[in-house]
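Reading the sequence shown from the start, the letters are residues 102 to 210 in my numbering.
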Amino acid sequence: MIFGQRESNSYLAAIFSYDFLDEHIGYETIARIHRGEIDDWIRDLAASGLFSAAEVRAAELAWRKNPRLLLDALLEDADEVSVKRWEIAWARLDRQSQSVHPAPVAEHG
């Protein structure tokens, strides 16, 4: 199973969709994912018993490299309005993190 691909996201959405359906996911949760704070998600994934240790590790590596993959998986079964709301929130977090950590400017001299 390759995390970040549609089939894998469907399994993850099934596990975590309860949180989205009942509005347990808020802006702070998305901000934590954006910052790469994914330990709770990894623990829950492992505890589900649906994935091998290797699959959990693959998810962890993929999500640590690109936390947006976790958000995409969580949004797999969400309604269109929720998807748009969280994509806008993610874009806002991207802008905020870029203003805090601007890209280096090359100097010629």
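We put the beta carbon where it would ideally sit given N, CA and C, even for glycine.
{"Check": "Cβ-based neighbour list, F152, same chain, cut-off 7 Å, excluding 5 preceding and 5 following", "Outcome": "L146"}
{"Check": "CA-to-CA distance, V182 to L194, given in whole angstroms", "Outcome": "18 Å"}
{"Check": "Nearest-angstrom Cα separation, counted from G150 out to W187", "Outcome": "28 Å"}
{"Check": "Start-to-end residues for the alpha helix (DSSP H) that takes in I143", "Outcome": "140-148"}
{"Check": "Cβ-Cβ distance between L171 and W142 below 9 Å", "Outcome": "yes"}
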